[in-house]
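Visitor: Note that the numbering used here has the sequence shown beginning at 5, numbered continuously upward.
Below is one structure. I have some questions about it.
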Amino acid sequence: MAHAPFTLFPSPIPKRLYKECLDLQPIISNLMFKIANDSGFMEESLREIVKVDDFTKNLLDINRKVQLEGLAQPVISCINRADYMLDKFTQNGNNSTRLRQVEVNAIASSMSSQSVRASKIHNYLLTKYRVKPNDGQGIILPKNDSLDVVAQGLIDAFDSYNKSLGYILLVAENERSLNFSDHLAIEEAVLKKRPDIGFIRKKFCNLQADMNLGPNRELFVDGQKEVAVVYFRFCYDPSNYNFIGSWEVRLALERSKAIKCPSINFHLSGAKKFQQVLNNQQQLERFLEPADAERLSKVFCKLWSIESNTTRGQQGFNVGLKSDNNLVLKPQREGGGNNIFDADIKTFLNKIVNSDERSQYILMEFINSPKEKNWILNYQDECGKNDWQVGPPKELVSEFGIYGSVLGEGNVIKTNRYGGYLVRTKMHGVKEGGVASGHSGLSSLVLIDDERDDIDLLKFYVD
Ligand code: ADP
Ligand code: MG
């Protein structure tokens, strides 16, 4: 048995930046809802990608089919997580820190339960050992509501189905996965609030045999159990569709009357391509009020498309060729392990220079995160051992995710909840960032004064 790696101390974030990313979350959920509802925009933005990327094509095809047929369920929902890193920059000769959005996850918004546990561990450790920051002020550990936001999002969806007896179906990995502990904690959080709700967890590959649609496209599993909500925790990567008939299963789920979390159009709204297409205030105003568009655009990195058939794409491609370790190249995927960094970008671009594949990538400015001094503990570190030592602190960088859950019908959003945070902290210099993939450890947040931009110098002392 092994625990997930976690940091010894919470990770510092200036108060104003914590508030900023919380305040942005309902705006981001609103934006995703608007994108999901605009089939024309979706088609136009993904047109070149679907010519070369079968995965996105299959998703878009399903969206087309269910829209054409007419939706059995007009309510759509999504539990999402927007991820950020802090970015050090210089303005008028002064060093400062700002937020930069990494991406938005529509399905792979996992780890809400582990994030709450990380907050609890840090709260416990700092209290037990009377740790104080060196500025003499009290420690502010913001309350972590992430599990609550996720559980309540599922309950909102369940209640919109308007049937007192029903089930939430969690669609899980085909293979054994450590995520099951997160799944169980979410189930527990839902049942604690609402013992009347049935909860079923099934592997995606088992659904083929275990589900059927009723005369009004009701979704039944295991015979007569009517599913009110399909909660996808899988199906976001091409490798997930590894059995014959997998796409037919996804189509049947989307055709059903159950409320999908996320519905296929909400799933698509998390595509990285939309980050690039809507990369400035003017583009965002297509969907958002000007004030919201301005606020959101302020946390965007510079982004470029690199397709060969437009001048803009050619310009982006040339930026990539000239890159000096300050860029990331990303395909249309979520869930980790797909990005290309540093010198590999040039090599890769030269390989695809004459290929239509270029249209499925976006090029992103590299975020220059401040280093924090901290320790990552993993399961080999047994603190019971007499000779156990953590050694000097390491230079680490953190990524912060804020959770949101949104539900709407037609053009109207009915609930838009947000809160809680996931912090993943990794060694400075490590590029990818997942905890499950072994790149980072769980952390939590400690708020620091806004003026204090020397985050790397933040030190704690023990009484
Ligand atoms: P995925 O969908 O695979 O999670 P991400 O966009 O989150 O894709 O990228 C994976 C990881 O790569 C992130 O967790 C982060 O650690 C790193 N990363 C992504 N974009 C940037 C960036 N612009 N600057 C620095 N690191 C980045
Ligand atoms: Mg990510």
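We put the CB at the ideal spot given by N, CA and C, even for glycine.
Just so we're clear, the structure is a prediction, and the values are computed from it rather than from any experiment.
Confirm, please, whether the CB-CB distance from Pro14 to Ser2 is below 9 angstroms.
Guide: With the chain represented from 5 up to 467, any question about residue 2 goes unanswered, as that position is not in the structure.
Visitor: Considering only heavy atoms of the ligand ADP, does any lie closer than 8 angstroms to the CB of Arg102?
Guide: Translated into the one-based positions of the sequence shown, residue 102 becomes position 98. False, no ligand heavy atom lies under 8 angstroms from that Cβ.
Visitor: Given a cut-off of 9 angstroms on the beta-carbon distance, is the pair Ile80 and Glu413 in contact?
Guide: To locate residue 80, count along the sequence shown from 1; it is residue 76. To locate residue 413, count along the sequence shown from 1; it is residue 409. Yes.
Visitor: Suppose you measure from the CA of Ala176 to the CA of Asn99; what does that come to, to the nearest Å?
Guide: Along the sequence shown, read from residue 1 onward, the residue named residue 176 stands at position 172. Along the sequence shown, read from residue 1 onward, the residue named residue 99 stands at position 95. Answer to the nearest angstrom: the Cα atoms are 45 angstroms apart.
Visitor: Between Gly157, Ile32, Asn342, which lies nearest to Ser273 when the distance is taken from Cα to Cα?
Guide: What you label residue 273 is simply residue 269 of the sequence shown in a count that begins at 1. If we check each option's Cα against that of Ser273, Ile32 comes out closest.
Visitor: Could you give the distance in angstroms between the alpha-carbon of Gln77 and the alpha-carbon of Lys261?
Guide: Numbered from its first residue, the sequence shown carries residue 77 at position 73. Numbered from its first residue, the sequence shown carries residue 261 at position 257. Looking at the two C-alpha atoms, the distance is approximately 5 angstroms.
Visitor: So, with DSSP's three-state summary, where would you put Ser43?
Guide: Here residue 43 is taken as the residue at index 39 of the sequence shown, counted from 1. DSSP places Ser43 in helix when its eight states are reduced to three.
Visitor: Between the alpha carbons of His443 and Asn382, how many angstroms are there, rounded?
Guide: Against the sequence shown, residue 443 aligns to sequence position 439. Against the sequence shown, residue 382 aligns to sequence position 378. Each residue's alpha carbon lies about 12 angstroms from the other.
Visitor: Looking only at DSSP bridge pairs, what is Cys265 linked to?
Guide: Residue 265 sits at position 261 when you count from the first residue of the sequence shown. Note: Cys265 sits in a beta bridge opposite Tyr235.
Visitor: Can you find the residues in the same chain that come closer than 7 angstroms, C-beta to C-beta, to Lys69, ignoring five residues on each side of it along the sequence?
Guide: Position 65 of the sequence shown holds residue 69. Excluding positions up to five away in sequence, the list reads Leu255.
Visitor: At a cut-off of 8 angstroms, would you count Ser359 as near the ligand ADP, judging by its Cβ distance to the nearest heavy atom?
Guide: For this step, residue 359 is matched to residue 355 along the sequence shown. The answer is no for Ser359.
Visitor: When you measure from the CB of Ala440 to every non-hydrogen atom of the ligand MG, does any distance come out below 8 angstroms?
Guide: Residue numbering aside, residue 440 sits at position 436 when the sequence shown is read from its first letter. Incorrect: Ala440 has no Cβ contact closer than 8 angstroms to the ligand MG.
Visitor: How about Val427: is its Cβ closer than 8 angstroms to a heavy atom in the ligand MG?
Guide: As a working note, residue 427 is residue 423 in the sequence shown. Outside the cutoff, so no.
Visitor: Between Val281, Cys305, Ile263, Glu47, which lies nearest to Arg102 when the distance is taken from Cα to Cα?
Guide: As a first step, residue 102 must be located in the sequence shown, where it is residue number 98. That would be Cys305, whose Cα lies nearest to the Cα of Arg102.
Visitor: Using CA atoms only, rank isn't needed, just tell me which of Ser164, Leu21, Asp186, Glu361 is closest to His7.
Guide: Sequence index remark: in the sequence shown, residue 7 carries index 3 (1-based). For His7, the nearest C-alpha among the options comes from Asp186.
Visitor: Just verifying my parser: in three-state terms, what is the DSSP assignment at Ser81?
Guide: Here residue 81 refers to the residue found at position 77 of the sequence shown. The answer is strand: DSSP assigns Ser81 an E or B state.
Visitor: Return helix, strand or coil for Ser409, following the three-state DSSP convention.
Guide: For the purposes of this step, residue 409 is identified with residue 405 of the sequence shown, where counting begins at 1. In the structure shown, Ser409 sits in a strand (DSSP, three-state: E or B).
Visitor: Can you tell me the Cα-Cα spacing of Leu257 and Met115, whole angstroms?
Guide: Translated into positions along the sequence shown, residue 257 becomes position 253. Translated into positions along the sequence shown, residue 115 becomes position 111. Using only the alpha carbons, I get a separation of about 24 angstroms.
Visitor: Among Pro30, Arg259, Asn96, Phe59, which has the Cα closest to the Cα of Glu361?
Guide: In the sequence shown, residue 361 corresponds to position 357, counting from 1. Minimum Cα distance to Glu361 is reached at Phe59.
Visitor: Roughly how many angstroms separate the alpha carbons of Asp453 and Ile144, rounded to a whole number?
Guide: Your numbering for residue 453 matches position 449 in the sequence shown. Your numbering for residue 144 matches position 140 in the sequence shown. Between Asp453 and Ile144, the C-alpha separation is close to 10 angstroms.
Visitor: What residue range does the alpha helix (DSSP H) around Ser150 cover?
Guide: Here residue 150 refers to the residue found at position 146 of the sequence shown. It spans 150-164 - the alpha helix (DSSP H) in which Ser150 sits, taken as one unbroken run.
Visitor: To the nearest whole angstrom, what separates the beta carbons of Asp152 and Ala213, a pair I think is in contact under 8 angstroms?
Guide: In the sequence shown, the residue the question calls residue 152 occupies position 148. In the sequence shown, the residue the question calls residue 213 occupies position 209. Wrong, their Cβ atoms sit about 34 angstroms apart, outside the cutoff.
Visitor: Using DSSP bridges, identify the partner residues of Pro16.
Guide: To locate residue 16, count along the sequence shown from 1; it is residue 12. Note: Pro16 sits in a beta bridge opposite Val450.
Visitor: DSSP state of Lys92, grouped into three classes?
Guide: Here the question's residue 92 lines up with position 88 in the sequence shown. Three-state result, Lys92: strand.
Visitor: On a Cα-Cα basis, can you pick out the residue from Arg237, Lys355, Gly44, Val332 that is closest to Asn372?
Guide: Counted from its first residue, the sequence shown places residue 372 at position 368. Taking only the C-alpha atoms, the option nearest Asn372 is Val332.
Visitor: Starting from Trp379, trace the beta strand (DSSP E) both ways and give me its first and last residue.
Guide: Here residue 379 is taken as the residue at index 375 of the sequence shown, counted from 1. That residue, Trp379, is in no beta strand (DSSP E); it is neither H nor E in DSSP.
Visitor: Please return the same chain residues whose Cβ sits closer than 6 angstroms to the Cβ of Leu90, not counting the five positions on each side in sequence.
Guide: Against the sequence shown, residue 90 aligns to sequence position 86. Thr101, Ser373, Pro374, listed in sequence order.
Visitor: Under three-state DSSP, which class holds Asp328?
Guide: As a working mapping, residue 328 is identified with position 324 in the sequence shown. Correct three-state label for Asp328: coil.
Visitor: Starting from Gln105, trace the alpha helix (DSSP H) both ways and give me its first and last residue.
Guide: Against the sequence shown, residue 105 aligns to sequence position 101. Run containing Gln105: none in the alpha helix (DSSP H); it sits in the beta strand (DSSP E), 98-109.
Visitor: Between the beta-carbon of Trp379 and the beta-carbon of Thr11, is there less than 9 angstroms?
Guide: Here the question's residue 379 lines up with position 375 in the sequence shown. Here the question's residue 11 lines up with position 7 in the sequence shown. It is a contact, given that the beta carbons lie within the stated cut-off.
Visitor: Determine the direct distance from the alpha carbon of Leu288 to that of Arg205, and round the result to whole angstroms.
Guide: Here the question's residue 205 lines up with position 201 in the sequence shown. Here the question's residue 288 lines up with position 284 in the sequence shown. The alpha-carbon atoms of Arg205 and Leu288 are separated by roughly 37 angstroms.
Visitor: According to DSSP, what are the bridge partners of Phe345?
Guide: As a position in the sequence shown, residue 345 is number 341, starting the count at 1. Phe345 is bridged to Val332.
Visitor: So, using beta-carbon positions, are Asp42 and Tyr407 closer together than 9 angstroms?
Guide: Locating residue 42 in the sequence shown gives position 38, where the first residue counts as 1. Locating residue 407 in the sequence shown gives position 403, where the first residue counts as 1. No, the pair does not count as a contact, with Cβ atoms beyond the cut-off.
Visitor: Run through DSSP, which three-state label would Val70 get?
Guide: Within the sequence shown, numbered from 1, the residue matching residue 70 stands at position 66. The answer is helix: DSSP assigns Val70 an H, G or I state.
Visitor: Using the Cβ count rule (16 or more neighbours within 10 Å means buried), how would you classify Asp328?
Guide: Translated into the one-based positions of the sequence shown, residue 328 becomes position 324. It counts as exposed.
Visitor: Please state the DSSP three-state secondary structure of Glu369.
Guide: For this step, residue 369 is matched to residue 365 along the sequence shown. Strand, per DSSP.
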